[in-house]
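Position one of the sequence shown corresponds to residue 27 (this note's numbering), numbered consecutively onward. Note that the Cβ used here is the ideal one computed from N, Cα and C, for glycine as well. Everything numeric in this text was worked out from a predicted model, so none of it was measured.
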Amino acid sequence: MPLNQIEFRTFVLDGLRAIGAPAKRIENDVYQATLPIEVQKTFGNQREVTFTFERRALDDYPGAELVTLGGNLLTRLIEVLRKRAQAAAITLSSEEPISPAQFACPLPTINSTAVGMAVSASYAPLTQFLLKATYVTDEKFEQIFEVTVDHASGQIELDTGEFDKLLNRPSKAGRPSEALAGKLDETQALQQALDVIKPLVEQRVRAIEATASRRLDEELTRIRAFYAAPAPSPAVALVGAPGTSPTLTEAESLQIKEEMERLQQLQQEKDHKLEMARERYRLTVHTSLLSAMTIFRPLHRYTFQVALNRAGAKSPPLPLVVERDPFNQAVSLPTCENCKGAMAQVCYCERGAHLVCQSCAQVCTSCQRAYCTAHPLGACSVDGAGVCHDCLFEADECGHRACPQHQTRCHVSNQTVCTQCAQVCSTCGHASCPKHTLGCHIDHTSVCANCVVKCARCNEITCTKDQVLCRTCGEIACRSCAAPCADPACRRFHCKMHLQQCATPTCTGLFCPSHVASCAECGKPHCQAHTSTCPECRLPVGAGCAVECVSHGHLVCRKHAQLCSVCKKTTCSKGLVACSSCGRATCLKDAQRCAQDGLLFCPTCSDRCVTCQVVNCARHLSICEDCGRRHCTKHILPCHIDQHPFCQTHSAICATCGRFHCRKHTVSCHICGQATCSACRNGKGICRLCASFQHVPATDPRIVQAHSAIISRNVRPRSVSTWLISETPLRRIIVAQLTFSSHLFVFNAKDGAPLSYKEFGFFDRGVIKVS
């Protein structure tokens, strides 16, 4: 029953219109309806009814009936609707079914093919029950359920609205004359509908009882508080006191009796009201049928023949029935015979000759035949895949049950064995059973009995990859009893008994006889890497018995090794030379060749020039008297005054004469400040260059060349009154005399580069004289 006020109003107005009594509005909330003759008796022989949904409208229309839940008008309207609905039967119209050849099977098939054979039209009855559940406590609640039962498939739907959509399709009244797709049993269908709504009703009952229980507790609390026990009178309290036996008068006894009766009456009244409250809040549920309507929905039933695809199959074709709704083209899937579920895929069970769904199908991985779960497959012992009993064989050798794909034959005994137990021979590549399979003693590689080879040394079984051919004796040996020659140029295998170890302590390799040699000194074998040939005697010498020539870097035997007198290291006879000065034997590494005469000298009789680092013998080296270091003849010069040797660092060139002189004979000119030798300076401390100035004109090219250096000293050439000049092949001195000062410039005579500058004041001009 609609609980919303708007839905409630719509339900009443639509119900009156359905029974042929459309309501007309008189006022805003007042309606009037003229009842048909056939329903007037149900409505108390009334021809017209006036009703309203609002209580306030009764003030203006007192004769109108207020429509409420459980009211007179609504109850009689529902009764008329129920009577009409109970006899309602509608048949939907449909088109003719298409031919089976044009309708393909909608379900995919496993190992089979479905071919359409026949089609028939029938009707599937659907009954909708309108059920009302009434809940009565201190309040009244009603709940309406719409339950649709499909008699053909047994499917039950609750409040889906699909039934209302069917009512909008073209139809005709009454039942069809054609065959029905299912048995029409309305009694059983009603029981199924009641079973569907039962959990919903119980859920609503629990919710209502929870609410009513809270209100009942509040009511019981209120009643108990109202009838709370009053304070007893003093006489009653005295009677009830323990240990006392008062003497009461007749009036007091009568008062006590009346008080006791009054308390007893109040207790009885309290119990009665408590019981009435419990009864009022006790929930009562009534379920009633409001209406029932049956629609006969057309169905086109297509029959297909499902036959196996496998050639030579003896199983007969089986029928498959698919129902199709001609309105929405929906297909009703058939039911699986095993699990009774809807079939989304069809499988032909070859053992039971029946059709099952995809959930109940199982396919043999060997022969690809399909079976249902009622005939379980066996499991292959190798991969656990499902295999039918026709394809599951027991191996002769290992006894395991496996499919043909996981069985093979032993190459030795020709008996069957499963692939899990079979071993592949590493030599011939054929499979063999465990009984005829042996293992290599090195890495347990499988070898069949036909391909077994034993090592010639340890007599153990050896597989192909661990077998080697000894290059010395030509017999087959395993890798444990043989080893390759450690020489990189050989690397061929030999029995270990034919290999020798190098006598060099740091060498751990084993070598074949072709790559070892006996030392001429100790007689022990040495590998080629640790064996050298003495260049003197041309005999092999081991690394421990040979010494390295410090001159050439090759090894020589100890018998032909000689010592250098300088470094005391060994060398060959060709690596020694005699010093050209002292005659000592010196190795080529320590011997030094003089750059002057090309002769070899020992380190004692030769040295390097400190300046140019070139080797010279002691005869071509001189010691500087200033620093004491040796210098070659090119980098040491004699002082031209006393002829003592000095290096270039501790000697200088005289600016006047251009000859070398030592520091002791170096003096500075009082005028120009240049370093000169003591022979080129007079007694007044003036060099010969400053004592020989001459006048030159301002246009002299040497003056013009020096203009830039003169201007840089803030001297203007036009302001110069007198130009003086004096020069040698090394130096050039120019003096620019002004009115109150003189300026002396020293230049390099070869390129004119300025070297020094000196200024003289007015009183110092007299020191510069012209010769």
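Once DSSP output is grouped into helix, strand and coil, what is the label at residue i?
i	result
A143	The sequence shown places Met at residue 143, rather than the Ala named in the question. The answer is strand: DSSP assigns M143 an E or B state.
G180	coil
T391	coil
F34	helix
T497	Strictly speaking, residue 497 in this sequence is Arg, with Thr absent from that position. Coil.
M523	helix
I712	coil
H437	coil
E64	helix
V741	coil
E228	helix
K480	strand
K595	coil
M302	helix
A113	In this prediction, A113 scores a pLDDT of 48, lower than 50, which makes its location untrustworthy; no coordinate-derived value is stated.
K166	strand
C386	coil
A543	strand
K209	coil
D633	strand
K296	helix
Q281	helix
N335	coil
F77	strand
G404	strand
S138	strand
Measuring straight from C-alpha to C-alpha, what distance separates residue i and residue j?
i	j	result
I794	C716	8 Å
E278	T310	51 Å
A90	D351	50 Å
S718	Q763	16 Å
C658	G778	32 Å
K710	S694	12 Å
A238	D164	8 Å
L418	V348	36 Å
N335	Y374	10 Å
D416	A428	11 Å
S25	A644	A question about residue 25 goes unanswered here, because the residues of the chain that appear run from 27 up to 797.
C484	C507	7 Å
D176	Q218	11 Å
D513	F519	11 Å
C454	T442	18 Å
E80	Y87	11 Å
Less than 8 Å between the CB atoms is what I'm expecting for residue i and residue j, so what's the real figure, rounded?
i	j	result
C638	H670	About 21 Å; that fails the 8 Å criterion.
R35	F69	Not a contact, Cβ separation roughly 19 Å.
C459	E423	4 Å
A681	R757	5 Å
T612	S591	6 Å
C598	C575	5 Å
H437	A457	6 Å
T76	V56	7 Å
Of all the options the options, which has the alpha carbon lying nearest to the alpha carbon of residue i?
i	options	result
C698	S317, L781, C665, K209	L781
V106	P345, K67, H524	K67
C390	C406, G378, H380	C406
V332	C131, T630, R306	C131
R689	L157, H696, H426, S704	S704
A127	L220, S138, M143, I136	M143
K461	V730, L316, S439	S439
P539	V576, C563, C496, P531	C496
A732	C548, Q355, A775	A775
D157	L216, F686, R739, L614	The sequence given here places Leu at residue 157; Asp does not occur at that position. For the residues L216, F686, R739, L614, the minimum Cα distance to L157 belongs to L216.
L565	A543, H578, G579	A543
R201	F322, L316, S752	F322
Q394	T748, P345, A411, I667	A411
T498	F789, T490, M523	M523
P1	V357, R43, G609, T78	With the chain represented from 27 up to 797, any question about residue 1 goes unanswered, as that position is not in the structure.
Find out if the Cβ-Cβ distance for the pair residue i, residue j is shorter than 8 Å.
i	j	result
L99	S197	no
V641	A617	no
A159	V222	no
L242	Y161	no
R517	I468	no
A133	A370	As written in the sequence, residue 133 is Leu, which differs from the Ala given in the question. Yes.
V567	C553	no
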